[in-house]
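Chains as they are written, first to last, in the working numbering: chain V, 6 to 496; chain S, 6 to 496. A virtual CB, placed ideally from N, CA and C, is assigned to each residue, including glycine.
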């Protein structure tokens, strides 16, 4: 199977699409821009959800559910917000179908027109703040720390599986606070949760930073993001956390009485992470053999494959293999034993490499004789033969090692592809020939950022939190600058 | 707080609505018929999801995700299906908003009209079978055992929180099989899973049975349902499993090659359970003090409340209470320690009764002296004082006892309110004065069922799987009948 995968270095975009399809993660549906997330892809999303949900709850958040529909008038209340989303809204205008009187089949019933159109949520700030209005009266009602796991719709013109789809799944946190400081603290807390998740579960090193004004969320005072580098040198925004100030509280007139009895508008944050992360996971680590999944997010961590010629051999192998499987399961490892007889071991090896299963165990008659088993790791494709007696200890260590190796490899790649550039010609040249993360000085103006984008397609991915103070000159305008920002061409 | 709850026996409908609002489970949103599921209500849904998802996976199912949009033409392919759902469809007709040229604010952009309208899924058979078409070629591709957890929209004219809302959350399983027998077996398996879940987790006794033709799912050959009785004597359909025959395979032309090389259409099932179950949970068990939650689905199983006069006393109680809390948590019990000082213990007692927390522990200075603690159970409101040393053992047994007591109480209620009736006058009289489950003979015709519905509002809830064969006469027409069916007025 793997041989049908397009070569990553020849056509990265096609390699990615091939991989998503052939590893059975997702496919395009009959509805323009909407994907079907297939069971194997969805199992990765379930792993992502479980870890993030645990992290959200550990930081005091609870889940809830708000309607998918947003009345058009709500949507229009925050000026910057509607400006940012109006061009990509799916709009419900009717609520009934009927049989056409002229026999043309099923048609929309013109008498069932809504008085006010409903927008399918592209994000839920407006419908949620309209509810918060009734929930918040006093400082005692604060903070509200709510998250929801939902589908959202943004009518994108150019779509790609996982990376940009008309409908996608995500979580969106919406919090309400009594003070500016507390809201900023929450915005920071959540970008740190995302970074922690990316680095420790996705094995994805990320740069945390502020978005420039051009790239901010529509309606935010400040947007924090985590940015990761993909193997083609492009950047991918992997999660954002927004400090919304009092913008939505003012739009929906949400005021509260503070401890001193004074009325004030409530402070807000929102933060989201989507199925796009599965795209990042694929693009950051995978190779020409297929997916490479970090063990902590792999739906199947270990696959066991029997090697046999006779059904008698298979019977004996079954016994040992099942013992190994249940032994590994008792220490919390997810294992699949593939004894289906319609495919050869070689076919199975290639298939599980394509699917990115971190560890493969193969066991044949000779292994049985010697009480050994062959272990292959997906990240390096190296094999080793070990004693069956040591398999639990060996595998648990190996999974940790793979997890950390994948991270280190991605980190090394980022290091090799991060360039500190001070001359415009080098900047352009690097973008044209290598791509990567470019750390350069910028004069802080939206105009300069626009020009750079027009000339090179690169944008400011973020102003890193940890950027050192240094005197420099803007890469484009030559005006003075105090710190470097991260430029890249992005997904 | 509880004193503001409408009395259950005076106005059941208002009692229910009051309870949903005051226990902070859900509320109506600004969008007609759509609810906001608040954190406490959503936490119950998370518990329901976790248990069902585990049961689905244990029976070989996997999760996936299909688009929320269904092209109108797909929707129309199965004749009975579209007939059943056409009158309650939300329809997307446009994909962009814009600023009105005459300054009337944000309007739908008439140039962004979709060529084909998209229906928001009221259920997903059509979009899913359009995908299955490409997945299934041979018997080797079968069975497909997929479930999805999603939101759906049915444009209901009269809505009630949890019981009937325009948008609701549910799971929908969609399976594909090589034979009729296998599909029927799956349909049965899943109604059994639902019944198991209802009885063992929701503490809700249910009657399993077939739906009559009038009440079948639009597009099904057979619908199996579980039916539960509520405290007002009405029936609530709590989950359905459909044998779809080859209807959808034919509508979407999904054929496969069987083991003998012959082409045949694929056999299908679908099955679903929704947030409506939360309504059933509330209505089956709760009382004039508030919710009564079965421990296995209670977000908080035990609440600990300190009783103190001085902050010195509170400090000492804190120490003991926190030990008790962590002790209970180590044996897997979810505990909340409420030491907030803005409410009195009495207020807290009433509030946690309203919220249905199964066990309340109260601890004061006298308890500290004697190393005791007061235990109150929500189902019977009985209190006892026990030694702190025995609290783990005591509570774990008590939770089991409450779970089983709630079930037995509901079962006894059903017994008391199930009537075997053979005369039409008694039938009418019982429905008018008592309600309940009525087991009567029926001649098997849709016409008779319609008439009975017109005259009494009662419908056939199901034809119980375990109905005994007996000779009788139809309660309405007097024609011969072989078994009794379950009549009731339903939600």
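Determine the direct distance from the alpha carbon of residue 405(S) to that of residue 270(S), and round the result to whole angstroms. Your numbering for residue 270(S) matches position 265 in the second chain. Your numbering for residue 405(S) matches position 400 in the second chain. Whole-angstrom Cα-Cα distance: 48 angstroms.
For the beta strand (DSSP E) that residue 350(V) lies in, which residues bound it at each end? The residue labelled residue 350(V) in the question sits at position 345 within the first chain. First-last for residue 350(V): 350-359, but that is the alpha helix (DSSP H), not the beta strand (DSSP E).
Below-8 angstroms beta-carbon distance, residue 458(S) vs any chain V residue: Against the second chain, residue 458(S) aligns to sequence position 453. Not closer than 8 angstroms to any Cβ of chain V, the Cβ of residue 458(S) fails to qualify, so no.
Would you say residue 497(V) lies against chain S (beta-carbon separation less than 8 angstroms)? Shown here, chain V extends from 6 to 496; a query on residue 497(V) therefore has no answer.
With a 10 Å radius around its C-beta and 16 neighbouring C-beta atoms as the bar for buried, classify residue 159(S) as buried or exposed. Position 154 of the second chain holds residue 159(S). Flag for residue 159(S) reads buried.
Give me whichever residues DSSP pairs with residue 104(V) in a beta bridge. On the first chain, position 99 is the one that residue 104(V) refers to. In the DSSP output, where bridge partners are listed per residue, residue 104(V) has 111(V).
Figure out for me which residue from 308(V), 191(V), 25(V) and 238(V) has the closest Cα to the Cα of residue 345(V). Counting from one through the first chain, the residue named residue 345(V) turns up at place 340. When only C-alpha atoms are compared, the closest one is 308(V).
Which residues share a DSSP beta bridge with residue 288(V)? Mapped onto the first chain, residue 288(V) falls at position 283. In the DSSP output, where bridge partners are listed per residue, residue 288(V) has none listed.
In the structure shown, what three-state DSSP assignment does residue 6(S) receive? Here residue 6(S) corresponds to residue number 1 of the second chain, with the count starting at 1. In this prediction, residue 6(S) scores a pLDDT of 45, lower than 50, which makes its location untrustworthy; the coordinate-derived value is nonetheless stated afterwards. Residue 6(S): coil per DSSP, three-state reduction.
Could you tell me whether any Cβ in chain S is nearer than 8 angstroms to the Cβ of residue 175(V)? The residue labelled residue 175(V) in the question sits at position 170 within the first chain. At least 8 angstroms separates the CB of residue 175(V) from every CB of chain S.
Please state the DSSP three-state secondary structure of residue 223(V). Sequence index remark: in the first chain, residue 223(V) carries index 218 (1-based). Here residue 223(V) sits in coil by DSSP.
So for residue 152(S), helix, strand or coil by DSSP? Residue 152(S) sits at position 147 when you count from the first residue of the second chain. The answer is strand: DSSP assigns residue 152(S) an E or B state.
Neighbourhood of residue 143(V) by C-beta, 7 angstroms cutoff - its chain only, sequence neighbours within 5 removed: Walking along the first chain from the start, residue 143(V) turns up at place 138. Correct list, in chain order: 261 and 262.
At 4 residues or longer, what runs of the alpha helix (DSSP H) sit wholly inside the segment 351-414 of chain S? 370-375
Just to check my reading of the structure: residue 238(V) and residue 422(V) have Cβ atoms closer than 8 angstroms, yes? What is that Cβ distance to the nearest angstrom? Residue numbering aside, residue 238(V) sits at position 233 when the first chain is read from its first letter. Residue numbering aside, residue 422(V) sits at position 417 when the first chain is read from its first letter. Contact flag correct, Cβ pair sits at about 6 angstroms.
Out of curiosity, what's the CA-to-CA distance linking residue 351(V) and residue 369(V)? In the first chain, counting from the first residue as 1, residue 351(V) sits at position 346. In the first chain, counting from the first residue as 1, residue 369(V) sits at position 364. Each residue's CA atom was taken as its position, placing residue 351(V) and residue 369(V) some 13 angstroms apart.
Rounded distance between the beta-carbons of residue 246(S) and residue 215(S), thought under 8 angstroms: Here residue 215(S) refers to the residue found at position 210 when the second chain is read from its first residue. Here residue 246(S) refers to the residue found at position 241 when the second chain is read from its first residue. Incorrect: roughly 11 angstroms between the Cβ atoms, too far for contact.
For residue 465(S) and residue 217(S), which I take to be in contact (beta-carbon distance under 8 angstroms), what is that distance rounded to the nearest angstrom? Mapped onto the second chain, residue 465(S) falls at position 460. Mapped onto the second chain, residue 217(S) falls at position 212. Right, their Cβ atoms sit about 5 angstroms apart.
Neighbour flag for residue 493(V) against chain S, beta carbons, 8 angstroms: Sequence index remark: in the first chain, residue 493(V) carries index 488 (1-based). No, no contact with chain S.
Using 8 angstroms as the threshold, is the C-beta distance between residue 329(V) and residue 393(V) below it? By 1-based counting over the first chain, the position of residue 329(V) is 324. By 1-based counting over the first chain, the position of residue 393(V) is 388. Taking 8 angstroms as the cut-off, the beta carbon of residue 329(V) is found closer than this to the beta carbon of residue 393(V).
Between residue 7(S) and residue 462(S), what straight-line distance do the alpha-carbon atoms span, to the nearest angstrom? Translated into positions along the second chain, residue 7(S) becomes position 2. Translated into positions along the second chain, residue 462(S) becomes position 457. Per-residue confidence for residue 7(S) stands at a pLDDT of 49, beneath the threshold of 50, marking its modelled position as unreliable; no derived number is given.
Am I right that residue 337(S) and residue 397(S) are in contact with their C-beta atoms under 8 angstroms? What's the rounded C-beta distance? Numbered from its first residue, the second chain carries residue 337(S) at position 332. Numbered from its first residue, the second chain carries residue 397(S) at position 392. Actually they do not touch by this definition, with Cβ atoms about 11 angstroms apart.
Alpha carbon to alpha carbon, how far is residue 137(S) from residue 189(S)? Residue 137(S) sits at position 132 when you count from the first residue of the second chain. Residue 189(S) sits at position 184 when you count from the first residue of the second chain. The alpha-carbon atoms of residue 137(S) and residue 189(S) are separated by roughly 19 angstroms.
Pair every Cβ in the segment 424-432 of chain V with every Cβ in the segment 479-491 of chain V, then say whether three or more of these pairs are closer than 8 angstroms. yes
Could you tell me whether the segment 435-445 of chain S touches the segment 399-415 of chain S, using the rule of 3 or more Cβ pairs below 8 angstroms? A contact is defined here as three or more CB-CB pairs under 8 angstroms, and the segment 435-445 of chain S fails this definition with respect to the segment 399-415 of chain S.
Can you find a CB in chain V that lies within less than 8 angstroms of the CB of residue 256(S)? The residue given as residue 256(S) occupies position 251 in the second chain. Answer no: the Cβ-Cβ gap between residue 256(S) and chain V never drops below 8 angstroms.
How about residue 102(S): is its C-beta nearer than 8 angstroms to some C-beta of chain V? Translated into the one-based positions of the second chain, residue 102(S) becomes position 97. Yes, residue 102(S) counts as interfacial toward chain V.
Does chain S have any CB closer than 8 angstroms to the CB of residue 110(V)? Taking the first chain and counting its residues from 1, the one referred to as residue 110(V) is at position 105. With 8 angstroms as the cut-off, residue 110(V) counts as an interface residue toward chain S.
Between residue 44(V) and the rest of its own chain, which residues show a CB-CB distance below 6 angstroms, the 5 nearest in sequence each way excluded? Position 39 of the first chain, counted from the start, is the residue given in the question as residue 44(V). For residue 44(V), where only same-chain residues beyond five positions count, there are no Cβ hits under 6 angstroms.
Who are the neighbours of residue 145(S) on chain V, taking C-beta pairs under 8 angstroms? Reading the second chain from its first residue, position 140 is the one you call residue 145(S). Near residue 145(S) (Cβ distances below 8 angstroms), the residues of chain V are 347.
Which whole-angstrom value is the C-beta distance of residue 301(S) and residue 206(S), which I expect to be below 8 angstroms? In the second chain, residue 301(S) corresponds to position 296, counting from 1. In the second chain, residue 206(S) corresponds to position 201, counting from 1. So it is a contact: roughly 5 angstroms between Cβ atoms.
Closer than 8 angstroms to chain V by CB, residue 156(S): Residue mapping note: residue 156(S) aligns to position 151 of the second chain, counting from 1. Yes, residue 156(S) counts as interfacial toward chain V.
Selection of the segment 44-57 of chain V by Cβ proximity to chain S, strictly under 9 angstroms: Residues passing the 9 angstroms Cβ filter: 44, 45, 46, 47, 48, 50 and 51.
Local conformation of residue 99(V) per DSSP, three classes: Position 94 of the first chain, counted from the first residue, corresponds to residue 99(V). Residue 99(V) falls in the strand class under three-state DSSP.
When the Cα atoms are used, what is the spatial distance from residue 265(S) to residue 146(S)? As a working note, residue 265(S) is residue 260 in the second chain. As a working note, residue 146(S) is residue 141 in the second chain. If I take the Cα positions, the gap works out to 15 angstroms.
Suppose you measure from the CA of residue 476(V) to the CA of residue 76(V); what does that come to, to the nearest Å? Taking the first chain and counting its residues from 1, the one referred to as residue 476(V) is at position 471. Taking the first chain and counting its residues from 1, the one referred to as residue 76(V) is at position 71. Approximately 50 angstroms, taken between the alpha carbons.
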